[in-house]
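Participant: Have a look at this one.
Protein chains: 2
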Amino acid sequence: MNLKQLSQLLGLSQTTVSRALNGYPEVNEATRERVLQAVKETGYRPNKAAQRLATGKAGSIGLVMPTAPGHQSDVHFGEFLAGLGEEAVRHDFHFVIMPADPDDEVAALRRLAISGNVDALFVAYMRGHDPRLAMLKSLSMPYVVHGRSFGSEPDYPYLDIDNEGAFYDATRLLLQLGHTRFALMNGPMHLDFAIRRKNGVISALAERGLTLEEGCMSHALMTDEQGLLAMEHFLQLPERPTAILCSSTVLALGAIRAVNQAGLRLGEDISLIAHDDVLPLLKPESFSVPLTTTRSSLRAAGVRIAQRLIGTVKQAGPFPDQELWKTELIVRASTGPAPRP
Amino acid sequence: MNLKQLSQLLGLSQTTVSRALNGYPEVNEATRERVLQAVKETGYRPNKAAQRLATGKAGSIGLVMPTAPGHQSDVHFGEFLAGLGEEAVRHDFHFVIMPADPDDEVAALRRLAISGNVDALFVAYMRGHDPRLAMLKSLSMPYVVHGRSFGSEPDYPYLDIDNEGAFYDATRLLLQLGHTRFALMNGPMHLDFAIRRKNGVISALAERGLTLEEGCMSHALMTDEQGLLAMEHFLQLPERPTAILCSSTVLALGAIRAVNQAGLRLGEDISLIAHDDVLPLLKPESFSVPLTTTRSSLRAAGVRIAQRLIGTVKQAGPFPDQELWKTELIVRASTGPAPRP
DNA sequence: TACATAATTGAAAGCGCTTTGGATGTCGCT
DNA sequence: AGCGACATCCAAAGCGCTTTCAATTATGTA
């Protein structure tokens, strides 16, 4: 069933039917009713590809999903997607997901944009000096970046959380508890959030004249295994750190396993603060020792970004170009006073 | 840059350029080279919407993502998507993801199909007597179902794992270890895999004249919290079960927390076998007591389904219509002989 | 040399929709 | 009766691509 057939069925022109469906005012209410009724009966749905071709809009937002045979799927990605989806479903938008090798992201993004299949782009996993920004700017297609790109002029639309502030505050808390030996368990070094979190830690330490030793920093994929390995390494250090900052509850999962295996007590021998993206699978309050965290919901960020993206496509009012969300510092049992030497 | 401009630039007709790009034989090799060269220089990419409109194909597979404000994102979904993506990227396919309220899945699937935006459909979260099957059959669009639908004639293309066999085998192992009091921690009752797994347990027990009490069965969302709750319930039973079968390592996570909190020892007081979808986040061998599991990689299933779907769209050879994968039973430390009463 | 055949290329139709630029009919007023 | 202002509706152009059908040129054969 297509427009032509439907309009013939109704004895109307395609023009009128199209207008009736798209809410144009210049169509008699009675005819509009008839059309809507016929649509219900026939189950007619406009062909999106044709709509897109005719209007240039198709109600879809595009994103690149990094993937490769060895590439681990990322819980954070799924959670974010759920947020995007939650908002998209309200506006009858859908996603076009282009899977791409992580090394090929710039090109993949470009293909996606030029394909004429999407109205707007969403970009995540931002890096320092991210090469995708220049490309995006040249594209004349709306986009929103999740995160920022350290070292690039912040003149692009983004939504980010205050990573530096979060880790600064967390570090201060641990300092107040008397800790002096710190370690940072971070995400991959090239990622923007990792850079900023590190800076937050360093600047809080600097205020007390402390520094973060090279050996007390790990940069790795945010999996529980990496957390385990990193923590094992920290625990073997001659000057064992007592305060651990951790970029994800996933990392914390492994880290805590290492702490337990070493016979140490979390919140007493070792204090740990992790960043909590509010993953449904990993609730900090459900850990055997509930985790002190800096919290910001990844899913909420997804919802918000979808709002901005869809709003822009639909030309629904202006949106702030840049948003920086504060995180919450939630104190639970994994932090305690520094142990006496 | 579109075809028309490109062809004018080259002094050729759109026809010839189009043919050159799509590998038709009736075009001079020299001209083809020229065209390809121009494409490289100009960065021309065909408009997918137009291609789709003209050919009816657009290199995309569609799927519905269940989502809603309260709806938890599902790790399993993300992992599966990674598998689909891994294969799709090899064929320059992409996904069209339509987010939809879980209650609205049939309609959403229908919309997606008629939208003319996708070449094939993928369907998951199968239920008993799933209403989507009839709809899919009426659609004349290729599709593959992940899982099966208990109670429906199995005359549709699917890829499933042998859930019944897996849980039958797991139960037998526990029986051989001397266990007599069983409990099953299952996924939502309406889902097909839950039905089959339950049947597997029941039939293995029946061979020994045992039954599964109503109170020894839980059907819930597969989150760690639900696992915790279910296990707490089991542990309070007057005839406490000693053998637990668990539909997911996520559930097991919570269940084990409950076991620990009750001061019981896993693998001694309580034996537990979980089904392992090979989630990168939750490795059974990394649990403090490594988990005995029935294993089948969700991601591998994603890859295979993408293969079949894309292969069918590309008319690349016939594929088996129905595949049933065996699971592996991997014995680790969470199972042991039944404790003496 | 003349003619069939193969190798290349193009013009134009069409995919299903939106939208511009009329056309037609109605109504209220002078 | 005559005229502008609305309210409705429609024909046809176009979005960017593929593909059928036909035209043109090059090649080989008798």
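As given, the protein sequences belong to chains A and B, one line each in that order.
The opening position of the first sequence corresponds to residue 4 in the working numbering, with each subsequent residue numbered one higher.
The opening position of the second sequence corresponds to residue 4 in the working numbering, with each subsequent residue numbered one higher.
Glycine included, C-beta positions come from ideal geometry on N, C-alpha and C.
Predicted model only: the values in this text are computed from it and were never measured.
Using alpha carbons as the reference points, say which of Asp107/B, Gly339/B and Arg199/B lies closest to Thr70/B.
Facilitator: Ranking the options by Cα distance to Thr70/B, first place goes to Asp107/B.
Participant: What residues from the stretch 114-127 of chain B come within 8 Å of chain A, judged by C-beta to C-beta, listed N to C?
Facilitator: The residues in question are Arg114, Leu115, Ile117, Ser118, Gly119 and Asn120.
Participant: Note down the Cα distance separating Ser10/B from Pro134/A, rounded to an integer number of angstroms.
Facilitator: Roughly 31 Å separates the two Cα atoms.
Participant: Could you please tell me which residues of the stretch 60-83 of chain B, in chain order, have their CB closer than 8 Å to any CB of chain A?
Facilitator: Per Cβ criterion, the list reads Ala61, Ser63, Met68, Thr70, Ala71, Pro72, His74, Gln75, Ser76, Asp77, Val78, Phe80, Gly81 and Glu82.
Participant: Any beta carbon from chain A within less than 8 Å of Leu39/B's own beta carbon?
Facilitator: Not closer than 8 Å to any Cβ of chain A, the Cβ of Leu39/B fails to qualify, so no.
Participant: Does DSSP put Gln318/B in a helix, a strand or coil?
Facilitator: Coil, per DSSP.
Participant: Provide the residue span of the beta strand (DSSP E) that contains Glu331/A, from first to last.
Facilitator: Residues Glu331 to Ile333.
Participant: In the DSSP assignment, what residue or residues form a beta bridge with Phe185/A?
Facilitator: Note: Phe185/A sits in a beta bridge opposite Ala246/A.
Participant: Among Glu228/B, Leu240/B, Ala209/B and Leu284/B, whose alpha-carbon lies nearest the alpha-carbon of Ile259/B?
Facilitator: Among Glu228/B, Leu240/B, Ala209/B and Leu284/B, the Cα nearest to that of Ile259/B belongs to Glu228/B.
Participant: Which same chain residues, not among the five before or five after Ser155/A, have their C-beta less than 7 Å away from its C-beta?
Facilitator: Answer for Ser155/A: His132, Asp133 and Leu136, listed in chain order.
Participant: Any beta carbon of chain A sitting closer than 8 Å to that of Asn166/B?
Facilitator: No - not a single Cβ of chain A is within 8 Å of the one on Asn166/B.
Participant: Could you give the distance in angstroms between the alpha-carbon of Arg151/A and the alpha-carbon of Arg130/A?
Facilitator: Distance between the alpha carbons of Arg151/A and Arg130/A is about 8 Å.
Participant: Have a look at Leu139/B, Thr34/B and Pro157/B and flag the residue whose alpha-carbon is nearest the alpha-carbon of Asp3/B.
Facilitator: Only positions 4 to 344 of chain B appear in this structure, which leaves residue 3/B out of reach.
Participant: Considering Cα atoms alone, identify which of Gly190/B, Ser274/B, Met68/B and Ser76/B is closest to Ala111/B.
Facilitator: The candidate whose alpha carbon is nearest that of Ala111/B is Met68/B.
Participant: Can you list the beta strand (DSSP E) stretches of 3 or more residues lying completely in the stretch 197-265 of chain B, in chain order?
Facilitator: Qualifying beta strand (DSSP E) stretches, in chain order: 220-222 and 246-249.
Participant: Is it true that the CB of Leu39/A sits closer than 8 Å to the CB of Ser21/A?
Facilitator: Taking 8 Å as the Cβ cut-off, Ser21/A and Leu39/A do not qualify as a contacting pair.
Participant: Identify the contact partners of Met101/A in chain B, using a Cβ-Cβ distance below 7 Å as the criterion.
Facilitator: Here the neighbours are His97.
Participant: Would you check if the distance between the CB atom of Ser206/A and the CB atom of Leu275/A is smaller than 8 Å?
Facilitator: No.
Participant: I need the straight-line Cα distance from Phe170/A to Thr297/A, nearest angstrom please.
Facilitator: C-alpha separation (whole angstroms): 8 Å.
Participant: Is Leu124/A helix, strand or coil when you go by DSSP?
Facilitator: Note: Leu124/A maps to strand in three-state DSSP.
Participant: Nearest chain B C-beta to Arg335/A closer than 8 Å, yes or no?
Facilitator: Not one chain B Cβ lies under 8 Å of Arg335/A.
Participant: Compare the C-alpha of Asn352/A against each of Asn120/B, Tyr27/B, Glu44/B and Ser76/B and name the closest.
Facilitator: Nothing about residue 352/A can be read from this structure; chain A reaches only from 4 to 344.
Participant: For Ser252/B and Pro283/B, what's the separation of their Cα atoms in angstroms?
Facilitator: Going by the sequence as given, residue 252/B is Thr instead of Ser. Taking the straight line joining both Cα atoms gives about 11 Å.
Participant: Give a yes or no on whether the minimum CB-CB distance between Glu228/A and chain B is below 8 Å.
Facilitator: So, interface residue.
Participant: Can the beta-carbon of Ile164/A be found less than 8 Å from the beta-carbon of Thr330/A?
Facilitator: A contact, by the Cβ cut-off of 8 Å.
Participant: At 8 Å on the CB atoms, spell out the chain A contacts of Asp104/B, in chain order.
Facilitator: Those are Val92, listed as they occur along chain A.
Participant: Using Cβ-Cβ distances below 9 Å, what residues of the stretch 21-36 of chain B are close to chain A?
Facilitator: Under the 9 Å Cβ criterion, the stretch 21-36 of chain B contributes no residue.
Participant: From the DSSP output, in three-state form, read off Asp106/B for me.
Facilitator: Three-state DSSP puts Asp106/B in a helix.
Participant: Please classify Gly65/A: does DSSP put it in a helix, a strand, or coil?
Facilitator: Looking at Gly65/A - three-state DSSP - the assignment turns out to be strand.
Participant: Should Glu210/B be flagged as near chain A, meaning a C-beta pair shorter than 8 Å?
Facilitator: It does not; no Cβ of chain A falls within 8 Å.
Participant: With 9 Å as the C-beta to C-beta threshold (strictly closer), list the residues of the stretch 254-273 of chain B near chain A in chain order.
Facilitator: Answer set for the stretch 254-273 of chain B: Leu256, Gly257, Arg260, Asn263 and Gln264.
Participant: Leaving out the 5 sequence neighbours to the left and right, which residues in its chain are closer than 7 Å to Ser250/A when beta-carbon positions are compared?
Facilitator: Closer than 7 Å at Cβ, skipping near neighbours: Met188, Asn189, Gly190, Ala197, Arg200, Met225 and His278.
Participant: Under three-state DSSP, which class holds Tyr161/A?
Facilitator: Correct three-state label for Tyr161/A: strand.
Participant: Taking its Cβ as the centre, do 16 or more other Cβ atoms sit within 10 Å of Ser16/A, making it buried, or is it exposed?
Facilitator: Its Cβ having fewer than 16 others within 10 Å, Ser16/A is exposed.
Participant: For the pair the stretch 309-328 of chain B and the stretch 170-184 of chain B, tell me if three or more CB-CB distances fall below 8 Å.
Facilitator: These segments do not touch.
Participant: Touching or not, the stretch 76-83 of chain B and the stretch 30-46 of chain B, by the rule of three or more beta carbon pairs under 8 Å?
Facilitator: Not touching, per the Cβ criterion.
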